[in-house]
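Here the structure comes first, spelled out in structure tokens, and everything after it is commentary.
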């Protein structure tokens, strides 16, 4: 069974909206203010440990706009553009990004089925609403928060402010990057 | 400040029973407290503390940590920032109603150790907006509370901090220390 790995760029105040700048948020692109040579390496290893992307509609649309025109020497963009993508949405009509598949209904069952397949990690980036659904159904195997040293003050937050259940987690790893970003990695506590 | 993974400092009814402690963490919190000689509170946190710390010395269930902290906090000068509070019952406490920035600036000019703001998320947000905070200490607890009293709210601008230190504890808490400063674009 493959793992679902949720990996988020998050501000100190828990905001995950538009770290890459494709969604027209007023602080859009905020993650680019923090640069060091270790984060890209970490993100590259992470994406190459996976072979499926699972995304919510908002993140998917931002990615579908940004990634197809990107190119790099290390193969990050090629990997993103070529790997299969599953997008969860009830409203999306057209999937413009290469190798995309729509999950319209029975999200939990569909995701469970994806997990049953053989393969590497299933990566979830951003996709706040979807992440809350996955968390509530205990479908997240690893939650990685890259906490950026900034308080944005506004914007959509990762965690639902009114979730019904408390979730106890187990710290799996923590790592400090030279830019002051902290990686906090958690497994669900069994 | 003890914070859940989803950014809450207390449950919806002020619960703090989810906060993770171990001896190592308690020791570090106590060393931090010892760098200060004055305690600052918002009203809600103050009232919670006022009802607890004066009773600790006579409590048979008090731990060594409780006693250590009570020896620091009971005699220490305390300031509670509130427009509504009329009376305080804890020794060496005064109420400041207004002109928070001026009050803090005045206190900072006096000789002495640090000023420490305990919990008090609402007052903390005000302090942040007024750019009064030199250092932040967060203990990130490995739990998603789902709902509660949020740490950061109503910030009127983006604020960049500088990570000074991080430490991982055996119980899964990660403590982060930041220097506060204005965002430099």
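Protein chains in written order, with the working numbering: chain A, 1 to 190; chain B, 191 to 375. Glycine included, every Cβ here is placed at the ideal spot set by N, Cα and C. A quick note: this is a predicted structure, and the numbers were derived from the prediction, not measured.
Inter-residue Cα distance where the pair is residue 374 (chain B) and residue 191 (chain B): Reading the second chain from its first residue, position 184 is the one you call residue 374 (chain B). Reading the second chain from its first residue, position 1 is the one you call residue 191 (chain B). With a pLDDT of only 45 at residue 374 (chain B), under the threshold of 50, the placement of this residue in the model should not be trusted; the figure read from the coordinates follows. When rounded, the distance between both Cα atoms is 26 angstroms.
Against chain B, with Cβ distances strictly below 7 angstroms, would residue 40 (chain A) count as a contact? The count along the first chain starts at 1 and reaches residue 40 (chain A) at position 40. Taking Cβ atoms only, chain B never reaches closer than 7 angstroms to residue 40 (chain A), which makes this a no.
If you draw a straight line from the C-alpha of residue 54 (chain A) to the C-alpha of residue 268 (chain B), how long is it? Residue 54 (chain A) sits at position 54 when you count from the first residue of the first chain. Residue 268 (chain B) sits at position 78 when you count from the first residue of the second chain. Answer to the nearest angstrom: the Cα atoms are 51 angstroms apart.
Going along chain A in order, which residues have a C-beta closer than 8 angstroms to the C-beta of residue 342 (chain B)? For this step, residue 342 (chain B) is matched to residue 152 along the second chain. Result: 12, 13, 14, 151, 153.
What are the start and end residues of the alpha helix (DSSP H) that includes residue 61 (chain A)? Locating residue 61 (chain A) in the first chain gives position 61, where the first residue counts as 1. Going by DSSP, residue 61 (chain A) is part of the alpha helix (DSSP H) stretching over 57–66.
Mapping the DSSP letters down to three states, classify residue 17 (chain A) as helix, strand or coil. Translated into the one-based positions of the first chain, residue 17 (chain A) becomes position 17. Residue 17 (chain A): coil per DSSP, three-state reduction.
Output the distance between the C-alpha atoms of residue 68 (chain A) and residue 159 (chain A), rounded to the nearest integer angstrom. The residue given as residue 68 (chain A) occupies position 68 in the first chain. The residue given as residue 159 (chain A) occupies position 159 in the first chain. Rounded to whole angstroms, residue 68 (chain A) to residue 159 (chain A) spans 29 angstroms at the Cα level.
From the DSSP output, read off the bridge partner residues of residue 325 (chain B). One-based indexing of the second chain puts residue 325 (chain B) at position 135. Per DSSP, the beta-bridge partners of residue 325 (chain B) are B:369.
Option in A:4, A:5, A:30 with minimal Cα separation from residue 16 (chain A): Here the question's residue 16 (chain A) lines up with position 16 in the first chain. Of the candidates A:4, A:5, A:30, the one whose C-alpha sits nearest the C-alpha of residue 16 (chain A) is A:30.
Along chain B, in chain order, which residues have C-beta atoms closer than 7 angstroms to that of residue 133 (chain A)? Here residue 133 (chain A) is taken as the residue at index 133 of the first chain, counted from 1. Correct list: empty, because the minimum Cβ distance to chain B is about 14 angstroms.
Between which two residues does the alpha helix (DSSP H) carrying residue 260 (chain B) extend? If you number the second chain from 1, residue 260 (chain B) lands on position 70. That run of the alpha helix (DSSP H) goes 254–263.
Determine whether the Cβ of residue 191 (chain B) lies closer than 7 angstroms to any Cβ atom of chain A. Translated into positions along the second chain, residue 191 (chain B) becomes position 1. Any Cβ of chain A closer than 7 angstroms to the Cβ of residue 191 (chain B) would place that residue at the interface, and such an atom is absent.
Given that a residue counts as buried once 16 or more other Cβ atoms are within 10 Å of its Cβ, and exposed if not, what is residue 302 (chain B)? Counting from 1 along the second chain, the entry for residue 302 (chain B) is found at position 112. The residue is exposed, with fewer than 16 neighbouring Cβ atoms inside 10 Å.
Determine whether the Cβ of residue 187 (chain A) lies closer than 7 angstroms to any Cβ atom of chain B. For the purposes of this step, residue 187 (chain A) is taken as the residue at position 187 of the first chain. No, because no Cβ of chain B sits closer than 7 angstroms to the Cβ of residue 187 (chain A).
Would residue 205 (chain B) pass as an interface residue toward chain A - the criterion being a Cβ-Cβ separation below 7 angstroms? Residue mapping note: residue 205 (chain B) aligns to position 15 of the second chain, counting from 1. Closer than 7 angstroms: no.
Spatial neighbours of residue 27 (chain A) in its chain, beta-carbon cut-off 7 angstroms, leaving aside the 5 residues before and after: For the purposes of this step, residue 27 (chain A) is taken as the residue at position 27 of the first chain. Excluding residues within five positions, the ones whose Cβ falls inside 7 angstroms are 152, 155.
Suppose you measure from the CA of residue 304 (chain B) to the CA of residue 32 (chain A); what does that come to, to the nearest Å? Indexing the second chain from 1 puts residue 304 (chain B) at position 114. Indexing the first chain from 1 puts residue 32 (chain A) at position 32. About 34 angstroms.
With a cut-off of 8 angstroms on the beta carbons, I'd call residue 168 (chain A) and residue 333 (chain B) a contact; round off their distance for me. Here the question's residue 168 (chain A) lines up with position 168 in the first chain. Here the question's residue 333 (chain B) lines up with position 143 in the second chain. Indeed, because the Cβ distance is near 5 angstroms, the residues count as touching under 8 angstroms.
Three-way DSSP call (helix, strand, coil) for residue 130 (chain A) in this model: Here residue 130 (chain A) is taken as the residue at index 130 of the first chain, counted from 1. For residue 130 (chain A), the secondary structure class from DSSP, reduced to helix, strand or coil, is helix.
Under DSSP, the beta strand (DSSP E) around residue 194 (chain B) begins and ends at which residues? Locating residue 194 (chain B) in the second chain gives position 4, where the first residue counts as 1. Counting along the chain, residue 194 (chain B) sits inside the beta strand (DSSP E) bounded by residues 192–194.
Beta-carbon of residue 214 (chain B) versus every beta-carbon of chain A: anything under 7 angstroms? Here residue 214 (chain B) corresponds to residue number 24 of the second chain, with the count starting at 1. Taking Cβ atoms only, chain A never reaches closer than 7 angstroms to residue 214 (chain B), which makes this a no.
Which two residues bound the contiguous beta strand (DSSP E) that contains residue 120 (chain A)? The residue given as residue 120 (chain A) occupies position 120 in the first chain. If you look at residue 120 (chain A), you'll find it isn't in any beta strand (DSSP E); DSSP assigns it neither H nor E.
With residue 79 (chain A) as the anchor, note down where its alpha helix (DSSP H) starts and where it stops. To locate residue 79 (chain A), count along the first chain from 1; it is residue 79. Residues 76–82.
Is the CB of residue 298 (chain B) under 7 angstroms away from at least one CB in chain A? On the second chain, position 108 is the one that residue 298 (chain B) refers to. Chain A contact via Cβ: absent.
Beta carbon proximity, residue 20 (chain A) to chain B, threshold 7 angstroms: The residue given as residue 20 (chain A) occupies position 20 in the first chain. Taking Cβ atoms only, chain B never reaches closer than 7 angstroms to residue 20 (chain A), which makes this a no.
I'd like to check one pair, residue 181 (chain A) with residue 34 (chain A): are the Cβ atoms closer than 7 angstroms? For this step, residue 34 (chain A) is matched to residue 34 along the first chain. For this step, residue 181 (chain A) is matched to residue 181 along the first chain. It is a contact, given that the beta carbons lie within the stated cut-off.
With 16 as the cutoff for other CB atoms within 10 Å, does residue 148 (chain A) come out buried or exposed? For the purposes of this step, residue 148 (chain A) is taken as the residue at position 148 of the first chain. Residue 148 (chain A) should be labelled buried.
Roughly how many angstroms lie between the CA atoms of residue 42 (chain A) and residue 8 (chain A), to the nearest whole one? For this step, residue 42 (chain A) is matched to residue 42 along the first chain. For this step, residue 8 (chain A) is matched to residue 8 along the first chain. Distance between the alpha carbons of residue 42 (chain A) and residue 8 (chain A) is about 13 angstroms.
Report yes or no: is there a C-beta of chain A within less than 7 angstroms of the C-beta of residue 336 (chain B)? Counting from one through the second chain, the residue named residue 336 (chain B) turns up at place 146. Yes, residue 336 (chain B) lies at the interface with chain A (some Cβ there is under 7 angstroms from its Cβ).
What residues from chain B crowd round residue 166 (chain A), counting only those whose CB sits closer than 7 angstroms? Residue 166 (chain A) sits at position 166 when you count from the first residue of the first chain. Per Cβ cutoff of 7 angstroms: 333, 334, 335, 336.
Could you please give me the residues that DSSP links to residue 85 (chain A) through a beta bridge? Locating residue 85 (chain A) in the first chain gives position 85, where the first residue counts as 1. Per DSSP, A:53, A:100.
When DSSP labels each residue in this structure, what does residue 317 (chain B) get in the three-state scheme? Taking the first residue of the second chain as 1, we reach residue 317 (chain B) at position 127. Residue 317 (chain B): helix per DSSP, three-state reduction.
Short CB-CB distance (under 7 angstroms) between residue 218 (chain B) and chain A: Walking along the second chain from the start, residue 218 (chain B) turns up at place 28. Residue contact with chain A for residue 218 (chain B): absent (no Cβ-Cβ distance below 7 angstroms to any residue of chain A).
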